[in-house]
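Participant: This note's numbering puts the first residue of the sequence shown at 45, with every later residue one more than the last.
Backbone N, C-alpha and C define an ideal beta-carbon position, used for all residues, glycine too.
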Amino acid sequence: MNSVLVASNRGPVSFTVSDDGELTMRRGGGGLVSALSEVARKDGVLWVCAALSDGDRSAVRLVPGGRIDHAGYDTGPMRMLDIPPATFHRAYNAVANSTLWFVNHLLYDIPNAPNFGTRFEREWESYRDYNGAFALALAEEAGHGARVMVQDYHLALTPAMLRAERPDLRIAHFSHTPWAPPEYFSLLPDEVAREVLEGILGADHAGFLADRWAQAFMDCCEALLGAEVDRAGRSVTHEGRTTRIGVHSLGVDGDALWERAVEPDVESHMTALREQVGDRRLIVRIDRTELSKNIVRGLVAYREFLAAHPEWHGKVVHLAFAYPSRHDLPEYREYTASVLRCAQEIEDEYGTEDWDPLILNVNDDYPRSLAAYRMADVLLVNPIRDGMNLVAKEGPILSARCALVLSREAGAAAELGPHALVVNPYDISGTAAALHAALVMPEDERRMRRDKLHAAATALPPQKWLAAQLDALAEI
Ligand code: G6P
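#1: Roughly how many angstroms lie between the CA atoms of residue 88 and residue 505, to the nearest whole one?
#2: Taking contact to mean 3 or more Cβ pairs, one atom from each stretch, closer than 8 Å, check whether the stretch 444-454 and the stretch 355-363 are in contact.
#3: Starting from residue 414, trace the alpha helix (DSSP H) in both directions and tell me its first and last residue.
#4: Considering only heavy atoms of ligand 2, does any lie closer than 7 Å to the CB of residue 196?
#5: Curious, which full-length beta strand (DSSP E) runs of at least 3 residues does the stretch 53-110 contain?
#6: Since residue 379 is in the alpha helix (DSSP H), which residue starts that stretch and which ends it?
#7: Hey, is the stretch 142-157 in contact with the stretch 425-435, meaning 3+ C-beta pairs nearer than 8 Å?
#8: Using only the alpha-carbon positions, how far apart do residue 85 and residue 121 sit?
#9: Consult DSSP for residue 479 and reduce its assignment to one of helix, strand or coil.
#10: Based on DSSP bridge pairs, tell me the residues matched to residue 366.
#11: Write down the C-beta distance between residue 295 and residue 513 rounded to the nearest angstrom, noting that I regard them as a contact closer than 8 Å.
#12: Is it true that the CB of residue 214 sits closer than 8 Å to the CB of residue 520?
#13: I'd like to know whether the C-beta atoms of residue 465 and residue 457 end up nearer to each other than 8 Å.
#14: Does the beta-carbon of residue 482 have 16 or more other beta-carbons within 10 angstroms, so that it is buried, or is it exposed?
#15: The beta strand (DSSP E) with residue 141 in it runs from where to where?
#16: For the beta strand (DSSP E) holding residue 175, just list the boundary residues, first then last.
#17: Are the beta-carbon atoms of residue 138 and residue 167 separated by less than 8 Å?
#18: Can you determine whether any heavy atom of ligand 1 sits closer than 7 Å to the C-beta of residue 221, and answer yes or no?
#19: Please determine whether the Cβ atom of residue 431 lies at a distance below 7 Å from any heavy atom of ligand 1.
#20: Three or more beta-carbon pairs under 8 Å between the stretch 489-508 and the stretch 296-306, yes or no?
#21: Can you tell me whether residue 487 is buried or exposed? The criterion is at least 16 other CB atoms within 10 Å of its CB, across all chains shown.
#22: Measure the CB-CB distance between residue 55 and residue 91 and report whether it falls below 8 Å.
#23: Let me know the secondary structure DSSP gives residue 443 once reduced to three states.
#24: Under three-state DSSP, which class holds residue 434?
#25: Pick helix, strand or coil for residue 509, following the three-state DSSP scheme.
#26: Please go through the same chain and pick out, in chain order, the residues whose beta-carbon is closer than 6 Å to the beta-carbon of residue 266, but skip the five residues on each side of it.
#27: Which of helix, strand or coil does DSSP assign to residue 271?
#28: Is the Cβ-Cβ distance between residue 226 and residue 263 less than 8 Å?
#29: Flag this pair as yes or no: are the beta carbons of residue 135 and residue 171 separated by less than 8 Å?
#30: When the Cα of residue 140 is compared with those of 221, 452, 106 and 97, which residue comes out closest?
#31: Quick check on residue 302: buried or exposed, where buried means 16 or more other Cβ atoms within 10 Å of its Cβ?
#32: Pick out whichever of 99, 155 and 235 has its Cα sitting closest to the Cα of residue 165.
#33: Express the C-alpha separation of residue 398 and residue 454 in angstroms, rounding to a whole number.
#34: In the stretch 283-369, which residue ranges form an unbroken beta strand (DSSP E) of at least 3 residues, counting only runs that do not cross its ends?
#35: Using beta-carbon positions only, say whether residue 50 and residue 80 come within less than 8 Å of one another.
#36: Confirm the yes/no value for this check: CB of residue 76, any heavy atom of ligand 1, distance under 7 Å.
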């Protein structure tokens, strides 16, 4: 039986299956997985995750109980859950990514959405079933008094469900997203809002990436549940149980990132990129193609910068890497199309025979992203709202002279803000002006700021982040 368990929707690896049935394994994407997978593996933590694709489902079926590591794959201890595809689709796409993600990132086009009707009731039922499947698997795998760390908005109900099964366990929940203020959170049907909050309060410890998100969660508990909130002591008491609220910022393991970033595949991407852009200055952005990342406004700001500063024509290139994400959702497909359209307009307006003002790439290529970080003069991170944003931390680790233009709505702004050029993500002119300021920043100032960004970015690597939460649970 296991003494430490992690549960998340996406696991550290995923599988693709070829026509002849052969399985290929690759690392999972997104901030949560990149942060947790190495530490979890080193510490022998059992990871429970969902099968996300046909490839994953084929892998699960190779072994009884879905213990992928027992099928000879080098994953670290891992159990993948084969949730029925229709249930998974409703829980992941309709509830987690279209509802809870939209609420906590304030993404709704309010005059038109959301609409909660009978269809949503069915989707919500699937979300309950999916959370229940995790609770059941964790209850089966956990040793007596084990510590269980449940991750993110996909699994908001699991802590309370697991507690009902196994009151001996010490349970943490962690939100890698922002949290909405009560007036926005209460767009959710009352019962659903209550269930989400009470689900998380089933944990002994509820963690957030920034104080702002923790405060918003406590505000929701007070306003919507009438719970007793101790803001200074960071705890919420509801129906006789107290949940401690923790703020655990997450940073990057700088040494491990560097080791990866000097491998030959990265070096050869650097050579290729250098050939493409010559000695021009580089403004870099790297994101999932994600509504909350605000990629279109970033491109429009770059266009406004070019309009205002003809002296930079031919001397700067914007490298925008936006790799595919959540393409089962129409909003994401439409967003990707807007990104491509906007990029084309910039090309048409400013491109010349010998100058490409913008290189947009929408394929996932991790070594190429690392190459771009290393070459960046300016890194643009302008999300509408973001739990943390690890890109803002990775860039200054890999580039010795990169100036950071950072949205004030990213969780990372709490730590990096003093050394970055902070922008309002809706203010296109302000963002354009910040891009210019970042490009003309004197050399000594950019190096000084970058050193401070580097220190802040590496202060809380994933090892410490995980240890702090396990310690918090051990005290319970
Ligand atoms: C964010 C979420 C993670 C999620 C990641 C990628 O970082 O907090 O839970 O895994 O996005 O999204 P995806 O839907 O591809 O798992």
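Facilitator: Working from what's here:
#1: Here residue 88 refers to the residue found at position 44 when the sequence shown is read from its first residue. Here residue 505 refers to the residue found at position 461 when the sequence shown is read from its first residue. So the two alpha carbons sit approximately 18 Å from each other.
#2: Judged by pairs of C-beta atoms under 8 Å, the stretch 444-454 does not touch the stretch 355-363, as fewer than three such pairs exist.
#3: Within the sequence shown, numbered from 1, the residue matching residue 414 stands at position 370. Its alpha helix (DSSP H) spans residues 410-419.
#4: No copy of ligand 2 appears in this structure; the ligands present are ligand 1.
#5: Qualifying beta strand (DSSP E) stretches, in chain order: 57-61, 67-71 and 90-94.
#6: One-based indexing of the sequence shown puts residue 379 at position 335. Start and end: 374-394.
#7: Counting Cβ pairs under 8 Å, three or more are found: they touch.
#8: Numbered from 1 along the sequence shown, position 41 holds the residue referred to as residue 85. Numbered from 1 along the sequence shown, position 77 holds the residue referred to as residue 121. Spanning the two alpha carbons is a distance of roughly 7 Å.
#9: Taking the sequence shown and counting its residues from 1, one reaches residue 479 at position 435. In the structure shown, residue 479 sits in a helix (DSSP, three-state: H, G or I).
#10: Within the sequence shown, residue 366 is the residue found at index 322, counting from 1. Note: residue 366 sits in a beta bridge opposite 331.
#11: Position 251 of the sequence shown, counting from 1, holds the residue named residue 295. Position 469 of the sequence shown, counting from 1, holds the residue named residue 513. Not really, about 14 Å apart at Cβ, beyond 8 Å.
#12: Locating residue 520 in the sequence shown gives position 476, where the first residue counts as 1. Locating residue 214 in the sequence shown gives position 170, where the first residue counts as 1. Cβ distance < 8 Å, so residue 520 and residue 214 count as in contact.
#13: Taking the sequence shown and counting its residues from 1, the one referred to as residue 465 is at position 421. Taking the sequence shown and counting its residues from 1, the one referred to as residue 457 is at position 413. Their beta carbons are not under 8 Å apart, which means residue 465 does not touch residue 457 by this criterion.
#14: Looking up residue 482 in the sequence shown gives position 438. It counts as buried.
#15: Within the sequence shown, residue 141 is the residue found at index 97, counting from 1. Here residue 141 belongs to no beta strand (DSSP E), and DSSP marks it neither H nor E.
#16: Within the sequence shown, residue 175 is the residue found at index 131, counting from 1. It is not in any beta strand (DSSP E) - residue 175 instead sits in the alpha helix (DSSP H) that spans 162-185.
#17: Counting from one through the sequence shown, the residue named residue 138 turns up at place 94. Counting from one through the sequence shown, the residue named residue 167 turns up at place 123. Their beta carbons are under 8 Å apart, which means residue 138 touches residue 167 by this criterion.
#18: The residue labelled residue 221 in the question sits at position 177 within the sequence shown. Result yes, Cβ under 7 Å from ligand 1.
#19: Your numbering for residue 431 matches position 387 in the sequence shown. Flag set: Cβ of residue 431 near ligand 1.
#20: Verdict: yes, contact present.
#21: For the purposes of this step, residue 487 is identified with residue 443 of the sequence shown, where counting begins at 1. It is exposed - the Cβ of residue 487 has fewer than 16 other Cβ atoms within 10 Å.
#22: Numbered from 1 along the sequence shown, position 11 holds the residue referred to as residue 55. Numbered from 1 along the sequence shown, position 47 holds the residue referred to as residue 91. In contact: residue 55 and residue 91 (Cβ atoms closer than 8 Å).
#23: The sequence position of residue 443 within the sequence shown is 399, counting from 1. Of the three classes helix, strand and coil, the one that applies to residue 443 here is coil, per DSSP.
#24: Position 390 of the sequence shown, counting from 1, holds the residue named residue 434. Correct three-state label for residue 434: coil.
#25: As a first step, residue 509 must be located in the sequence shown, where it is residue number 465. Correct three-state label for residue 509: helix.
#26: Taking the sequence shown and counting its residues from 1, the one referred to as residue 266 is at position 222. Contacts found: 273.
#27: The count along the sequence shown starts at 1 and reaches residue 271 at position 227. Coil.
#28: Start at 1 with the first residue of the sequence shown, and residue 226 comes out as number 182. Start at 1 with the first residue of the sequence shown, and residue 263 comes out as number 219. Yes, the pair counts as a contact, with Cβ atoms nearer than the cut-off.
#29: Along the sequence shown, one-based indexing puts residue 135 at 91. Along the sequence shown, one-based indexing puts residue 171 at 127. Taking 8 Å as the cut-off, the Cβ atoms of residue 135 and residue 171 count as close.
#30: Against the sequence shown, residue 140 aligns to sequence position 96. Considering only alpha carbons, the answer is 221.
#31: By 1-based counting over the sequence shown, the position of residue 302 is 258. With fewer than 16 Cβ atoms within 10 Å of its Cβ, residue 302 is classed as exposed.
#32: For the purposes of this step, residue 165 is identified with residue 121 of the sequence shown, where counting begins at 1. The shortest C-alpha separation from residue 165 is found at 235.
#33: As a position in the sequence shown, residue 454 is number 410, starting the count at 1. As a position in the sequence shown, residue 398 is number 354, starting the count at 1. Between the C-alpha atoms of residue 454 and residue 398 there is a straight-line separation of about 36 Å.
#34: DSSP runs (the beta strand (DSSP E)) wholly in the stretch 283-369: 285-291, 325-332 and 360-367.
#35: For the purposes of this step, residue 50 is taken as residue 6 along the sequence shown, with counting starting at 1. For the purposes of this step, residue 80 is taken as residue 36 along the sequence shown, with counting starting at 1. Contact: yes.
#36: As a first step, residue 76 is located in the sequence shown; it is residue number 32 there, counting from the start. It does: the Cβ of residue 76 is within 7 Å (strictly closer) of some heavy atom of ligand 1.
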